[in-house]
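Just remember that the working numbering sits 346 ahead of the position in the sequence shown, which is counted from 1. Beta carbons are placed, not taken as given, at the ideal position from N, Cα and C, and that holds for glycine. Written out below as structure tokens is the structure these notes cover.
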Amino acid sequence: MDLTVVTYVVYLAVSIGLTVWVARTLSRNGKIFLEDVLRGNEKLADAVNHLLVVGFYLVNLGFVALYLRVGSPVDDTREVFEALSKQLGVVLLVLGVLHLGNVYVLNRIRRRGAMEREQTPPVPPQGWTAPAAEA
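Below, the structure is given as structure tokens:
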């Protein structure tokens, strides 16, 4: 079998495995964060979490597919490892950037909600105070 094909098979297997593992980890651990961002609305947190996971799969697997091609034919074992390290390194960097982007956006939403809660008075107004008399 051609070593270029072996490189493709290993790249796809590792990339898809990493994508599934990262998506499951983010989904499981991100649910608590989403519930906090969405003020305890568990149904909405589950829905948003699921949509984020689907988007994550689509973007990452699309990138993995587009980045499949190796620049030059792979002739020996050393070139297999070099090609795999380059391609998997880029995939991991893209995974990391996507994750940081999601966390950044969700943290901004969370902060905005916290600021709104702080600006709301804890007790509604109970009456009016007459203006001070002018001397």
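Say whether the region 383-390 touches the region 433-451, bearing in mind that this needs 3 or more beta-carbon pairs closer than 8 angstroms, one atom from each stretch.
Verdict: no, contact absent.
Going by the beta-carbon positions, is the gap between Pro419 and Thr350 smaller than 8 angstroms?
Their beta carbons are under 8 angstroms apart, which means Pro419 touches Thr350 by this criterion.
Please state the DSSP three-state secondary structure of Gly401.
Correct three-state label for Gly401: helix.
Measure the C-alpha to C-alpha separation of Val437 and Gln472 and round it to an integer number of angstroms.
Rounded to whole angstroms, Val437 to Gln472 spans 59 angstroms at the Cα level.
If you draw a straight line from the C-alpha of Phe379 to the C-alpha of Ser373, how long is it?
Phe379 and Ser373: Cα-Cα distance of roughly 10 angstroms.
Does Asn448 come out as helix, strand or coil in the three-state DSSP assignment?
Of the three classes helix, strand and coil, the one that applies to Asn448 here is helix, per DSSP.
In three-state terms, what does DSSP make of Tyr357?
Here Tyr357 sits in helix by DSSP.
Taking the C-alpha atoms as reference points, what is the distance between Gly324 and Leu444?
There is simply no residue 324 to check, as the chain begins at 347 and stops at 481 in what is shown.
Tell me whether Thr475 is buried or exposed, calling it buried when 16 or more other Cβ atoms sit within 10 Å of its Cβ.
Looking at its Cβ environment, which holds fewer than 16 other Cβ atoms inside 10 Å, Thr475 is exposed.
My output table needs one value for Gly408: the three-state DSSP class, helix, strand or coil.
DSSP places Gly408 in helix when its eight states are reduced to three.
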